[in-house]
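Below is one structure, written out as structure tokens, with a few remarks after it.
In UniProt numbering, the protein residues as written are 1 to 456.
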């Protein structure tokens, strides 16, 4: 902190507001849970700051996981190096009135501004659609994914970039990415795999489930959880556990490396306010499933298959309390899984075709963003229409414009939903029929049996 001139001693004035400090101690562990570093940091007590007076900007630079997975797939397909660097005491480099310090509300925003300025000065361009992704075209193509002070870098000649960034900040060169954002990265000759086995083991241990019986699905097939009755709520309170913390622990798994948990997390998250004992038992069932899938993750291979392929599905009216439908989709680029989503639709729909059509419309906004991001970051140029696989013929007919909406049950839909129809008719999207048994997104909309639960 002295080397970076974080502070200077001044006289105390009556009009100055004093912000206290506290020491934060942390153990840094590797993927096998071994302690590799003891860390101590002096942090400001930012919770005492007054909004609008002491600070106004509070954003934190965290890139989207979709962007990271797309960069990994691109690196694998093009045999690029995938390294990781860590900026030591990153926030202390950012100028505030003097210099930012950990704990201040405005420190993350100040650090991002400092980093962005540095990268722009050495020829990088910031992605408009994901400001935590930077890329440089010359002299050698390099892509950077930023998550606060951790950076994943992709390219063929990364040493020159490391030397440039080391002149501005004190960095720790971690070499080939091995443990990134709590995800174990295995870089093999022809593929890259991502998994969170170490986190799952820790999770099972924290709930005393390390010796539990293995089950084959995240939830019991065709399970329908309802609101907890009085007896169920009392039974849950008696065991004195934090339901919100439990669900959040599996939420990151579902968004990072385990899409097969997405529907279970979506279902269990609906009862955060008043959980009952049946919801807790369902959570324990998820842990039993994780016991048998600790080494399951994502695999990115040097696949000859190119382009973006999407599967979209919906389960009509499967919520017994609200009669609302569930939407789900997953996306592959070069044969590798990039992003997925499970979502409960916000309104009641009157037909299966309508539920499927609305799911496609929700998907379209994600596809539009991803297509533009890939082109901006020069990851992939779309020379042909994006193929979306759908298992509802009526929905496909409507999207292709083969029926008159004024004579169909979907004539009441909001006009904004028909933006997807224009995308199809403009040949930007190629909607194809996939039989239900071939619908890869089926597990994102309901609790399915084991044979249907294999994730690509």
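Every residue gets a Cβ at the ideal spot worked out from N, C-alpha and C, and that includes glycine. Fair warning: this is a prediction, and the values are worked out from it, not measured in the lab.
Separation of the CB atoms of residue 356 and residue 392 is rounded to 4 Å, and the pair is thereby assigned contact status at 8 Å. With a contact defined as Cβ atoms closer than 8 Å, residue 109 and residue 43 miss out at about 16 Å. For residue 164, the enclosing alpha helix (DSSP H) begins and ends at 159–168. By the neighbour-count criterion, in which 16 or more other beta carbons inside 10 Å mark a residue as buried, residue 295 falls on the exposed side. Using a 10 angstroms sphere on the CB of residue 208, the tally of other CB atoms stays under 16, which defines it as exposed. According to the DSSP assignment, residue 232 belongs to the alpha helix (DSSP H) that extends over 230–239.
Distance from the Cα of residue 199 is smallest, within the candidate group 119, 257, 24, 421, for 257. Straight across, the Cα-Cα distance linking residue 27 with residue 35 is about 6 Å.
When only Cα atoms are considered, residue 309 and residue 335 end up about 8 Å apart. A Cβ-Cβ distance of about 11 Å is found for the pair residue 315 and residue 439, leaving them out of contact under the 8 Å criterion. If you compare the alpha carbons of 283, 170, 238 with that of residue 217, the shortest gap goes to 283.
Counting only the Cα atoms, residue 224 lies some 57 Å from residue 139.
For residue 320, there is no enclosing beta strand (DSSP E), since its DSSP letter is neither H nor E. Look at residue 362 here: in three-state DSSP terms it is helix. By the C-beta density criterion, residue 375 is exposed, having fewer than 16 other C-beta atoms within 10 angstroms. Around residue 430, the same chain offers 385, 387 as residues with beta carbons nearer than 6 Å, after the five sequence neighbours per side are excluded. Contact annotation, residue 126 with residue 67: C-beta distance approximately 12 Å; criterion of less than 8 Å not satisfied. Separation of residue 121 and residue 113 (C-alpha to C-alpha, rounded to the nearest whole angstrom) is 12 Å. Under DSSP, the beta-bridge partners assigned to residue 176 are 83. For residue 259, the three-state secondary structure derived from DSSP is helix. One Cα belongs to residue 204, the other to residue 246, and the distance between them is close to 11 Å. For the region 192–218, the continuous alpha helix (DSSP H) assignments of 4+ residues that do not extend past its boundaries occur at 197–206, in sequence order. One Cα belongs to residue 29, the other to residue 182, and the distance between them is close to 10 Å. When 79, 252, 261, 231 are compared, the shortest CA-CA separation from residue 190 is found for 79. In the DSSP annotation of this structure, residue 300 is not part of any alpha helix (DSSP H); the continuous beta strand (DSSP E) holding it starts and ends at 298–301. DSSP, read as helix, strand or coil, puts residue 379 in coil. Per DSSP, reduced to three states, the secondary structure at residue 286 is helical. DSSP places residue 147 within a strand segment (E or B) once states are collapsed to three.
In the three-state reduction of the DSSP assignment, residue 423 falls in the helix class. The three-state reading of DSSP puts residue 294 in coil, since its state is none of H, G, I, E or B.
In its chain, beyond the 5 residues on either side, 77, 334, 335, 336 have a beta carbon closer than 8 Å to the beta carbon of residue 303.
Per the coordinates, the alpha-carbon of residue 389 lies some 13 Å from the alpha-carbon of residue 367.
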